[in-house]
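Those protein sequences? They're chains A and B, same order as listed.
Here the first sequence is numbered in my numbering, starting from 907 and rising by one per residue.
Here the second sequence is numbered in my numbering, starting from 112 and rising by one per residue.
Note that CB positions come from ideal geometry on N, CA and C, so glycine has one too.
Treat the numbers as computed from the prediction; the structure is a model and nothing was measured.
Scroll down for the structure; my scribbles are underneath it.
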Amino acid sequence: MTIMKDAPERTIKDLEGDVHPDWCPGCGDFGVLKSLKEAIVELKIPSHEVLVVSGIGCSSNLPGFIHAYGVHSLHGRAIPVATGALLANHKLRVIAVGGDGDGYGIGIGHCLHAMRRNLNLTYIVMDNEIYGLTTGQTSPTTTEGHKTKSTPRGNVEKPIQPLALALAAGATFVARGFSANQKQLTELMAQAIAHKGFSLIDVFSPCVTFNKINTYQWFKERVYDLDAEQGYDPTDLSAALAKSLEWGERIPLGKLYQVERPVYEDTEPLFRKGPLVDHKLGLDKATFDELLGEST
Amino acid sequence: MATEITVGIAGAAGDGLDRVGDTLARAAARLGLSVFTYNSYQSLIRGGHTWLRLRIGEKKLTNHGDRLDVLIALNQDSIERHVPEVASGGAVLFNTKLECDPDLLPKGVRAVPIPVADLTKDLGRLPPVMQNTAALGALLHLAGLDVEVAAEILHETFRHKGEEIIRQNVGTLRAGYEHAVKTEKPLDFKWKFSRKRRPVVTGNQMIGLGAAAAGCKLYSAYPMSPASSILHWLATHSEKTGIVVKQAEDELAVVNMAIGAGHAGIRAMCATSGGGFALMTEAIGMAGMIEAPVVVVNVMRGGPSTGLPTKTEQGDLNQAFGASQGDFPRVIVAPRDALDCYEATVEAFNIAEEFQLPVILLSDLYLAEHRSTIDADRVSPDVKIERGEWANGTGNGRFRRFRLTKSGVSPRARPGTPGMMFIAGTDEHDERGVLVSDEHTNAAIRRKMHEKRMRKMDEVLKRLPAPKLEGPSKAKVTLVGWGSTHGVLEEAAARLEEDGITANRLHLKYLYPFHGRKVKEILSKCKRTIVVEANYAGQLARHLRAETGIEAKHVVTRYDGEPLDPDYVVQRVKDCVAGRAQDLKVQKAEAREMAYHYIRIHLHDEARPARVSKGAKGRHGEPVFDVELVSRKGKEPRGRLVIGRETGAIHAYEEQGA
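Have a look at this one:
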């Protein structure tokens, strides 16, 4: 049993949720969950200040497996629910999580607009290139030619390039992780959560049950660490764009891009008086009379 | 001597009739008169035909009425279309550069041409919209209203534009006024001015003000007529009201943001119209499931689909009942006038938070956009704010957010509170929020959790006042309505009584949960129940059947986009009483409007309808109207349109001499 405390959690055990994850043994999402907990511990954020918001899908079950506040919302709607919660209380650490179908399929519109809005929000996408919970249909990131239940002759649509989209949409932190590279992933998450502005981490998180193409092995043969690249500058948008489109034989992992830009919360004058949840409710007589008086 | 006047201002969109209408409305309101205005505008920025009516009276006015005393026509088209509607004793005001065909003038109606160019030649070069101000000046004399109050309002309106603009506007107003004083006897109106200033407001504005008074902190929206003016009002007044206003990418984002904010502990609201509401429905079910408070306003317009973006209808009642899958607690409230928009909004927030559920406010374009005076003494910021039950103490990390309680309400906790962490899931869940939907389903927990949520409806119903019969307890007919038609039905009932048909009314504000037993008790004692609503299918009538088993004797509907008015209701109720079926044939005035459409599309607006007569039988498989078209200038015959009286089909256009 977890004991209530105000102090930051010291170990990831303190962040264990009520139930054990119901993911398939070997699922990439285990690694993502572990890294997220490690990042929260590393950043010394008390768990009650964390709100994890997900959509629907295997990976969107994650809030149930971490001892923090959580909303397991609707398919594709994690971002706007997270946005609303953040606007209500911008002192919360709001982290949105979900899968590629949730974020890049049904929820892509919200995803892009949240990026240009530059809210202080972290979005972790567990990208397995397949719809897992619905038992194996093509997803927005499914590779061309991949035979799935809904594309028995092979997928004919070009997969989405989420990192390129994020850069174009104005995200201020864009990274890619791999759930088998735990150390790097934890580090990326800690940086993303600490980043002031919208951060996206696209995580290769293999589906061991329904994706027999993009396996751990498949990724291991292709991924490389950007940190090992001589002279790579993560503040250079064109360089980041080039890396974001790299796919095939070599796929980059790591932080592609990070810049500082005013966050939405800084531009809202009403936030100067603190989070909205702490504001007084209602109108005083003078303001009310003034508002109604405009109509006489 | 009359103590009520209806002024119609007609022109094209872009003619600036809003400004002159605003000045007149506020001037009358400052004199202490009651004002009710309605603008039949089009979804166009410029062009089209715009028809603003202002009803002004000493007694409290509850609707825009159904007569016309003075017409201010800003273009030729408006003269042709509206002069025949002016009541005897009235007048038609127009710039001398337009022409008013004496044949069009009804008996006892004066034509008042105003030589705007001559009157204003000393004021410098004026924009064309200034003809409105000259006409307003003349009207103030004719109607016996106070020109000084109007001048004072123009001073205030143009203060930020500088002395020269003020001089021009006030000068034009006075020139029009003095011209009328010299040339025209006043019409037959006599007023007592209390000079008690009344605010002139819209329903949308009062929803905005109500939200602010209720402590709303976030308003999210996507532009959609006729809800957008809530967005505009709140955006303009964001800092004063303390409401953060966020325009989002679509209505999905809008409602999900509001729900996320409600979950995090603030009061949040969003508004839209039918199409946007359709997009919001899945999330409204989520609010029911995760027990988050949210207020969703649907300002209805004519449907289906894109429908009539700038016209009114009460067509979304079924949609509100059926929004989202499954059963979940929801509350549907339909405010009945501008003042009620204020009260209902405050109440909506209280219910939403106390019972942790979505509250749907059903307004409509008529209520949202008409302007009316309210008694400032009847609104106050001193409203009750009830935030419901909050868990205190610590959850020790095991807080049961969805505790199975007798009332169905489980005390909630604000995310950010130490020790109270929980998951709010849209899947079925247990008291902690742990899923029981998927891998580990549990029928027993599901049943009790579902019952817990639905139990809240019983508690809400207890709190909602039961509807009461208005008017005499015994009457020949009982009019049943909902939402914005309250004032129209009130006046219709009074007129029916004058005509020997006693009428009382049952007006429904709370549509869900529904006081079925009480309504049944009332209606089972009524002689003849007539449901009146602005939609095609009779959605309230169906709801009454479902909730009470009572079938209304008649349903009076309107779905042409125009609001119900007292005369419309009175005539149809009389038909019902006389056993006449609602006449759905094309009416003469409608044949004329159809002709205008044909002329615009096919004849480049270069003709106008003249005589409308019953056509020869036999050729088109239905009775027809013959509409003679004449040229705009010179009135030469242009041709004849043959319009089916049953179907409304244009069967033929026979060109003159062809």
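Handout entry: Nearest neighbour of Val366 of chain B, chosen from B:Leu590, B:Ile318, B:Ser331 and B:Ser742 [CA to CA]
Key = B:Ser331
Practice task
Would you identify the three-state DSSP class for Ile225 of chain B, choosing helix, strand or coil?
Solution key: strand
Handout entry: Contacting positions in the segment 1172-1194 of chain A - beta carbon closer than 9 angstroms to chain B
Key = Glu1174, Pro1175, Leu1176, Phe1177, Lys1179, Pro1181, Leu1182, Val1183, His1185, Lys1186, Leu1187, Gly1188, Leu1189, Asp1190, Lys1191, Thr1193 and Phe1194
Practice task
Go to Arg749 of chain B, then tell me how far its beta strand (DSSP E) extends in each direction, as first and last residue.
Solution key: Pro748 to Gly755
Exercise for the section: Output yes if chain B places a C-beta closer than 9 angstroms to the C-beta of Tyr1138 of chain A; else output no. Expected result: no
Handout entry: Selection of the segment 544-557 of chain B by Cβ proximity to chain A, strictly under 9 angstroms
Key = Gly544, Val545, Leu546, Asp549, Glu550 and His551
Handout entry: Among B:Trp302, B:Leu320 and B:Lys301, nearest to Pro310 of chain B - alpha-carbon criterion
Key = B:Leu320
Practice task
Please determine, among B:Ser742, B:Ala727 and B:Lys725, the residue with the shortest C-alpha to C-alpha distance to Glu717 of chain B.
Solution key: B:Ser742
Problem - Contact with chain B by Lys997 of chain A, beta-carbon distance below 9 angstroms - result: yes
Problem - Closest Cα partner of Gly960 of chain A within the set A:Ile946, A:Lys943 and A:Ala984 - result: Before going on, a small fix: residue 960 of chain A reads as Ser here, not Gly. When each option's Cα is compared against that of Ser960 of chain A, the closest is A:Ala984.
Handout entry: CB contact check: Pro1068 of chain A to chain B, cutoff 9 angstroms
Key = no
Practice task
Would you kindly report the start and end of the unbroken beta strand (DSSP E) that includes Ala459 of chain B?
Solution key: Segment Ala449 to Phe466 is the alpha helix (DSSP H) holding Ala459 of chain B; no beta strand (DSSP E) there.
Exercise for the section: State the start and end residues of the unbroken alpha helix (DSSP H) segment that holds Arg278 of chain B. Expected result: Glu274 to Thr294
Exercise for the section: Using the Cα positions of Lys911 of chain A and Ile1030 of chain A, report the straight-line distance between them to the nearest angstrom. Expected result: Because the pLDDT of Lys911 of chain A is 49, which lies under 50, any placement of that residue in the model is unreliable, and the number read from its coordinates should be weighed accordingly. Each residue's Cα considered, the two are about 27 angstroms apart.
Problem - Collapsed DSSP secondary structure at Val442 of chain B in the structure displayed - result: strand
Exercise for the section: Using beta-carbon positions only, say whether Leu1176 of chain A and Gly353 of chain B come within less than 9 angstroms of one another. Expected result: yes
Handout entry: Distance, Asp486 of chain B Cα to Asp737 of chain B Cα
Key = 50 angstroms
Handout entry: Cβ pair Arg447 of chain B, Gly594 of chain B closer than 9 angstroms
Key = yes
Handout entry: Neighbouring residues, chain B, relative to Ser953 of chain A (Cβ below 8 angstroms)
Key = Met532
Problem - Alpha-carbon to alpha-carbon, Pro420 of chain B and Ile1107 of chain A - result: 42 angstroms
Handout entry: chain A residues whose Cβ lies nearer than 7 angstroms to that of Gly353 of chain B
Key = Leu1176 and His1185
Exercise for the section: For chain D, find out if any of its Cβ atoms is closer than 9 angstroms to the Cβ of Ser1144 of chain A; answer yes or no. Expected result: Of the protein chains in the structure, A and B, none is chain D.
Practice task
Quick one: grab the DSSP three-state call for His374 of chain B.
Solution key: helix
Handout entry: Met368 of chain B: contacting residues in chain A (beta-carbon distance under 8 angstroms)
Key = Pro986, Val987, Thr989, Gly990 and Leu993
Problem - Residue nearest to Asp214 of chain B in terms of C-alpha spacing, selected from B:Ala375, B:Val281, B:Arg653 and B:Ala721 - result: B:Ala721
Handout entry: Runs of alpha helix (DSSP H) lying entirely within the segment 596-678 of chain B, each at least 4 residues, in chain order
Key = 597-609, 627-634 and 650-659
Problem - Neighbourhood of Gln1088 of chain A by C-beta distance below 7 angstroms, restricted to the same chain and skipping five residues each side - result: Gly937, Lys940 and Ser941
Exercise for the section: Give a yes or no on whether 9 angstroms exceeds the smallest Cβ distance from Leu939 of chain A to chain B. Expected result: no
Handout entry: Buried/exposed call for Thr917 of chain A, threshold 16 Cβ in 10 Å
Key = exposed
Problem - C-alpha gap between Gly433 of chain B and Tyr623 of chain B, whole angstroms - result: 11 angstroms
Exercise for the section: Say whether chain A places a C-beta atom closer than 9 angstroms to the C-beta of Pro492 of chain B. Expected result: yes
Handout entry: 8 angstroms contact criterion, which Ala841 of chain B and Val588 of chain B should meet: CB distance rounded
Key = Because residue 841 of chain B is not part of the residues shown, which for chain B are 112 to 769, the question remains open.
Exercise for the section: May I have the straight-line CA-CA distance separating Glu1135 of chain A from Thr1044 of chain A, to the nearest angstrom? Expected result: 33 angstroms
Problem - Cross-strand partners of Ile167 of chain B (DSSP beta bridge) - result: B:Ile116 and B:Val146
Practice task
Excluding the 5 residues preceding and the 5 following Leu1132 of chain A in the sequence, name in chain order all residues of the same chain whose CB lies nearer than 6 angstroms to its CB.
Solution key: Tyr1138, Pro1158 and Gly1160
Problem - DSSP state of Lys357 of chain B mapped onto helix, strand, coil - result: strand
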